[in-house]
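Here's the structure, in structure tokens; my notes come after.
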Amino acid sequence: MTGFTPTPARPAPANTVGFVGWARENLFATKLDSLLTVLAITLILYVMKVVFGWAVIDASFSGSDRTACLKDVQGACWPFIEAKFGQFIYGRYPDAERWRVDLVFAAGLIGLVPMLMPNVGHKRANMIFLLGFYPVFAFIMLTGGVLGLAAVDTTDWGGLLVTLVVAVTGIVASLPLGILLALGRRSDLPIVRALCIGFIEIFRGVPLITVLFMASVMLPLFLPDGVNFDKLVRCLIGVALFSSAYMAEVVRGGLQAIPKGQYEAAAALGLSYWKTTRLIILPQALKLVIPGIVNTFIGLFKDTTLVLIVGLFDLLGIVQLHFTDASWATPETHITGYVFAGAVFWLFCFAMSRYSIFMENHLSTDRNGS
Amino acid sequence: MQAAVLGALLLAMVWLVANVQSNLERQNINSGFGFLSERAGFGINQTLIDYTEDSSFGRVLTVGLLNTLLVSVLGVFFATVLGFSLGVARLSSNWLINKTAMVYVEIFRNVPLLLQIMFWYFGVLRNLPTPRQAVSFGDAMFLSNRGIVVPAIEAGSGAGWYAAALAIGLAAFIWLRRRARLALADGTMMPIWRPLLMVTVASFGVAALLAGVPFSLDVPALKGFNFRGGITVIPEFVALLLALSLYTAAFIAEIVRAGIQSVSKGQREAAAALGLPDKTALSLVVIPQALRVIIPPLTSQYLNLTKNSSLAVAIAYPDIVSVFAGTTLTQVGQAVEIIFITMMIYLSLSLLTSYAMNRYNARIALVGQDA
Amino acid sequence: MSDPVIRINKMNKWFGNFHVLRDINLNVAAGEKIVICGPSGSGKSTLIRCINRLEAHQEGEIEVEGITLDGSLKNLEDIRSNVGMVFQQFNLFPHMTVLENCTLSPIWVQQKPKAEAEKLARELLARVRIPDQADKYPGQLSGGQQQRVAIARALCMNPRIMLFDEPTSALDPEMIKEVLDVMVELAEEGMTMLCVTHEMGFARQVADRVIFMDEGEIVEENAPEAFFSNPENERTQLFLSQVL
Ligand SMILES: Nc1ncnc2c1ncn2[C@@H]1O[C@H](COP(=O)(O)OP(=O)(O)OP(=O)(O)O)[C@@H](O)[C@H]1O
Ligand SMILES: [Mg+2]
Numbered sequence: 001m002t003g004f005t006p007t008p009a010r011p012a013p014a015n016t017v018g019f020v021g022w023a024r025e026n027l028f029a030t031k032l033d034s035l036l037t038v039l040a041i042t043l044i045l046y047v048m049k050v051v052f053g054w055a056v057i058d059a060s061f062s063g064s065d066r067t068a069c070l071k072d073v074q075g076a077c078w079p080f081i082e083a084k085f086g087q088f089i090y091g092r093y094p095d096a097e098r099w100r101v102d103l104v105f106a107a108g109l110i111g112l113v114p115m116l117m118p119n120v121g122h123k124r125a126n127m128i129f130l131l132g133f134y135p136v137f138a139f140i141m142l143t144g145g146v147l148g149l150a151a152v153d154t155t156d157w158g159g160l161l162v163t164l165v166v167a168v169t170g171i172v173a174s175l176p177l178g179i180l181l182a183l184g185r186r187s188d189l190p191i192v193r194a195l196c197i198g199f200i201e202i203f204r205g206v207p208l209i210t211v212l213f214m215a216s217v218m219l220p221l222f223l224p225d226g227v228n229f230d231k232l233v234r235c236l237i238g239v240a241l242f243s244s245a246y247m248a249e250v251v252r253g254g255l256q257a258i259p260k261g262q263y264e265a266a267a268a269l270g271l272s273y274w275k276t277t278r279l280i281i282l283p284q285a286l287k288l289v290i291p292g293i294v295n296t297f298i299g300l301f302k303d304t305t306l307v308l309i310v311g312l313f314d315l316l317g318i319v320q321l322h323f324t325d326a327s328w329a330t331p332e333t334h335i336t337g338y339v340f341a342g343a344v345f346w347l348f349c350f351a352m353s354r355y356s357i358f359m360e361n362h363l364s365t366d367r368n369g370s
Numbered sequence: 001m002q003a004a005v006l007g008a009l010l011l012a013m014v015w016l017v018a019n020v021q022s023n024l025e026r027q028n029i030n031s032g033f034g035f036l037s038e039r040a041g042f043g044i045n046q047t048l049i050d051y052t053e054d055s056s057f058g059r060v061l062t063v064g065l066l067n068t069l070l071v072s073v074l075g076v077f078f079a080t081v082l083g084f085s086l087g088v089a090r091l092s093s094n095w096l097i098n099k100t101a102m103v104y105v106e107i108f109r110n111v112p113l114l115l116q117i118m119f120w121y122f123g124v125l126r127n128l129p130t131p132r133q134a135v136s137f138g139d140a141m142f143l144s145n146r147g148i149v150v151p152a153i154e155a156g157s158g159a160g161w162y163a164a165a166l167a168i169g170l171a172a173f174i175w176l177r178r179r180a181r182l183a184l185a186d187g188t189m190m191p192i193w194r195p196l197l198m199v200t201v202a203s204f205g206v207a208a209l210l211a212g213v214p215f216s217l218d219v220p221a222l223k224g225f226n227f228r229g230g231i232t233v234i235p236e237f238v239a240l241l242l243a244l245s246l247y248t249a250a251f252i253a254e255i256v257r258a259g260i261q262s263v264s265k266g267q268r269e270a271a272a273a274l275g276l277p278d279k280t281a282l283s284l285v286v287i288p289q290a291l292r293v294i295i296p297p298l299t300s301q302y303l304n305l306t307k308n309s310s311l312a313v314a315i316a317y318p319d320i321v322s323v324f325a326g327t328t329l330t331q332v333g334q335a336v337e338i339i340f341i342t343m344m345i346y347l348s349l350s351l352l353t354s355y356a357m358n359r360y361n362a363r364i365a366l367v368g369q370d371a
Numbered sequence: 001m002s003d004p005v006i007r008i009n010k011m012n013k014w015f016g017n018f019h020v021l022r023d024i025n026l027n028v029a030a031g032e033k034i035v036i037c038g039p040s041g042s043g044k045s046t047l048i049r050c051i052n053r054l055e056a057h058q059e060g061e062i063e064v065e066g067i068t069l070d071g072s073l074k075n076l077e078d079i080r081s082n083v084g085m086v087f088q089q090f091n092l093f094p095h096m097t098v099l100e101n102c103t104l105s106p107i108w109v110q111q112k113p114k115a116e117a118e119k120l121a122r123e124l125l126a127r128v129r130i131p132d133q134a135d136k137y138p139g140q141l142s143g144g145q146q147q148r149v150a151i152a153r154a155l156c157m158n159p160r161i162m163l164f165d166e167p168t169s170a171l172d173p174e175m176i177k178e179v180l181d182v183m184v185e186l187a188e189e190g191m192t193m194l195c196v197t198h199e200m201g202f203a204r205q206v207a208d209r210v211i212f213m214d215e216g217e218i219v220e221e222n223a224p225e226a227f228f229s230n231p232e233n234e235r236t237q238l239f240l241s242q243v244l
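Residue numbers (my numbering), protein chains in the order written: chain G, 1 to 370; chain Y, 1 to 371; chain A, 1 to 244.
Structure below.
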């Protein structure tokens, strides 16, 4: 009887592996592919030339007013951003008090970063810090008026500060509200169910801008004489209600994906409705829909720009406001400002979407591992 | 418990209504919908139907709604074309094409739409030269900070013959396609394009013999500070349409990609093993299955686009929110009625669409599988 | 022995840098039934997928019915319509009825009139013993019924050669038999068959030759009696002691 000695593996033919093989397969597989590749390279080079020329070669980098940005071939007007940077971040928040905003930003980062890293422990304490301590701290620091801090009116807030305040409040409020609405929509109580369906469908059926109009012109009419909310607070309520309706639909998708057996098993263990929901159903359902939840957050973050239409100055609003500054009026000011604001928004949204992909992979390997 | 919820809700309603009434009285604002027939007194720079300052607020509502629908329908069209191309490019085996499409998608969907609208409007279109220095395309089309002016085609008497020729061509197309589809079910190929071309050329030839050329071109020309003649597309419209299409296309691309990817590799292999050429496999096996996955989220993108067109208010494109919930509201002050009407219009659009969507989904659900 | 209908000569295939098939030589005569077995990952699926070019090989030649498999599209079409294939996961088209699945290739590739294609499909569905399911959708059938539809669908092309890639391994035991019975019948009618399977009973009953693969090569090939009772190679023996 003979034994089996495998033939040693040979390397693949040279033109099928390495860079050449890769290029043959991915760039020049067919005649059409080669043509497309050449076209794409031309397009990419052209776009890069335009972008690079505008942002670097023809751009101005220093100067203290519009004269710096009036060359014959003028690219980006970066001195405008430099001069207005403080405004773009803090709005009209008094210079002497800006350290308070910085402190709030820093505390937020300190709370958030370990929360987002799945391998760092103490999630419970971290949660308490973020949802219990931090909002109170941020509120006191930003509005002031107590503990010897000078009061700063919300009308003086602006820029990235307002963007983040609106986005974070919206995010923090819309998740629990959305969960409640989703549970309500699946409730056995017909009135609760009808109310939740009505709320969700109405808010999902209309544009956010009409909700904001409602919050800014209609809400005051609904309140008794003399009672009035801050405009920022009114917008916050509008944004939170609006995104909670979208969140509810995302969460409902997760709830529907939980097999009936889970409810039956929980019932067999004698758990009540709320205990079943909190301990068995929600942890599984929310995990399933993390991508959807993050997408809703991203949508909400982009939607914060709409508050400029009702007269708040978020990042985009304050950039827009400073275009009216005559000492910086040049043909390139607008585009420079928009590119800057766009880059900031893009960074936040892109980071969120990448994080959701990371979490999805992390959770799916977790599942396979167990 | 339910009764308590209901009771609390009713009480809250009564309280709110009472507040509204006392507030309105104090501020001397009318209520009711009578204002709809009052004279508006302001102009609108893009109207699809006859409108003057003497028209009523009701007319303003109609003009705004039509403008909303115009930009939405065109936006849906362009976003679909671009989005499907990008989605297919995202699946290309050509690495460069694939990544180029990816970069586009990642940039455009992660920047707020409002910012993009303002970029195109304030950053690009309003920065174009004045009409006197307009960019000219063959002295017939002009691009300036007042928008795009294109020649208008004016039909004289006898144009009816051409309309008839067009109708004949269209009818022939529908008939030929029907015939071809019926024949295909039996596995025979029937030509469509060649007979269609012959019919169309012939009918237009007859129209030309009967009526000559009854068309004239109204070419725009610079008179003073602006153009006369032709058709002017206002920059607000261009900016809004551009931003809505580019933004929504990024989302559609992802939907298309996911839809096509949802058809398993095994399906394609099975089609190949049956000897179907790639094109046939695509149109008979891959696309019908992918469409089931694509259509529901696609519809919701269309709805989003329509709702997002309300951002028009930021650049004063005269859509429904801008002229009705904006200008009309400031003039009349009846916030409750006006916002109610505006929301109702959007809401009915959404509910109609989702009703149609549910019907469609029920019809195409795969038999024997949970859809 | 008549001229081989499949001729594989010193064929090598790589996935990237991974050498999956090494110097494969194999001739199959018309009407011959071949069973391929071997451990998971040994390249069995890859080998039979190369025969209808669902995978492209990089070195050596494959000739099917006298047509050489290269990049040419014309050759590809000819081969695909001569070779039927049945997959482990059935791969029926879920949006088409059973009948539409079966008539797809006759209508679209062979350009047969619809009525004729349907008549043929119904005959073949009767032959795989599911004449009553023609108007159902695949999702409404059991696994065994689906796999028999897949066989009928492949037979509708009127192929000269049939490839089976573990057609029964996604099925419950009682369904395995209904599929194997159909395959045995097909074999008795003289179809040329290449079959990756671990159903040793089936191999004994119909195979002319059994091929054992490991690490991308053909380790041993023999008539079934000799293969099972007296394997030549230690590797084969070890494998058989595990599966039998
Ligand atoms: N598309 C592919 N890309 C890269 N590697 C692949 C691919 N398909 C298969 N392989 C690898 O090639 C080897 C042989 O795969 P093949 O599917 O032919 O094995 P098999 O003998 O059919 O195994 P099984 O009994 O599990 O079906 C395996 O190691 C597999 O991981
Ligand atoms: Mg296999």
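All C-beta atoms in this analysis are idealised placements derived from N, C-alpha and C, irrespective of residue type, glycine included. Quick caveat: nothing in here was measured; it's all calculated off a predicted structure.
For residue i, is the beta carbon positioned less than 6 Å from some heavy atom of ligand 1?
| i | result |
| --- | --- |
| residue 212 of chain A | no |
| residue 20 of chain A | yes |
| residue 15 of chain A | yes |
Let me know the secondary structure DSSP gives residue i once reduced to three states.
| i | result |
| --- | --- |
| residue 370 of chain G | In this prediction, residue 370 of chain G scores a pLDDT of 39, lower than 50, which makes its location untrustworthy; no coordinate-derived value is stated. |
| residue 198 of chain A | coil |
| residue 252 of chain Y | helix |
| residue 218 of chain Y | strand |
| residue 19 of chain A | strand |
| residue 241 of chain A | helix |
| residue 56 of chain Y | strand |
| residue 55 of chain A | coil |
| residue 221 of chain A | strand |
| residue 44 of chain A | helix |
| residue 233 of chain Y | strand |
| residue 160 of chain A | coil |
| residue 2 of chain G | strand |
| residue 314 of chain G | strand |
| residue 68 of chain A | strand |
| residue 86 of chain A | strand |
Just to check, is the beta-carbon of residue i closer than 6 Å to a non-hydrogen atom of ligand 2?
| i | result |
| --- | --- |
| residue 42 of chain A | no |
| residue 169 of chain A | no |
| residue 45 of chain A | yes |
For a quick check, are the C-beta atoms of residue i and residue j less than 7 Å apart?
| i | j | result |
| --- | --- | --- |
| residue 139 of chain A | residue 31 of chain A | no |
| residue 202 of chain A | residue 86 of chain A | no |
| residue 212 of chain G | residue 315 of chain G | no |
| residue 266 of chain Y | residue 81 of chain A | no |
| residue 245 of chain G | residue 278 of chain G | no |
Return the Cβ separation of residue i and residue j in integer angstroms, given the expectation that the two are a contact with Cβ distance under 8 Å.
| i | j | result |
| --- | --- | --- |
| residue 217 of chain A | residue 22 of chain A | 5 Å |
Please tell me whether, using a cut-off of 6 Å, the distance from the CB of residue i to the nearest non-hydrogen atom of ligand 3 is below it.
| i | result |
| --- | --- |
| residue 139 of chain G | Only ligand 1 and ligand 2 can be found as ligands here, which leaves ligand 3 out of the picture. |
What alpha helix (DSSP H) runs, 4 residues minimum, are completely inside the stretch 272 to 305 of chain G?
-> For the stretch 272 to 305 of chain G, whole alpha helix (DSSP H) runs of length 4 or above, ordered along the chain, are 282 to 288, 290 to 303.
Length-filtered (3 minimum) beta strand (DSSP E) runs lying within the stretch 344 to 368 of chain G = Note on the stretch 344 to 368 of chain G: there is no whole beta strand (DSSP E) run with a minimum of 3 residues.
Fully enclosed by the stretch 154 to 214 of chain G, which alpha helix (DSSP H) runs are 4 residues long or longer?
-> Counting only runs of at least 4 residues, the stretch 154 to 214 of chain G fully encloses the following alpha helix (DSSP H) elements, listed from N- to C-terminal order: 159 to 185, 190 to 205, 208 to 213.
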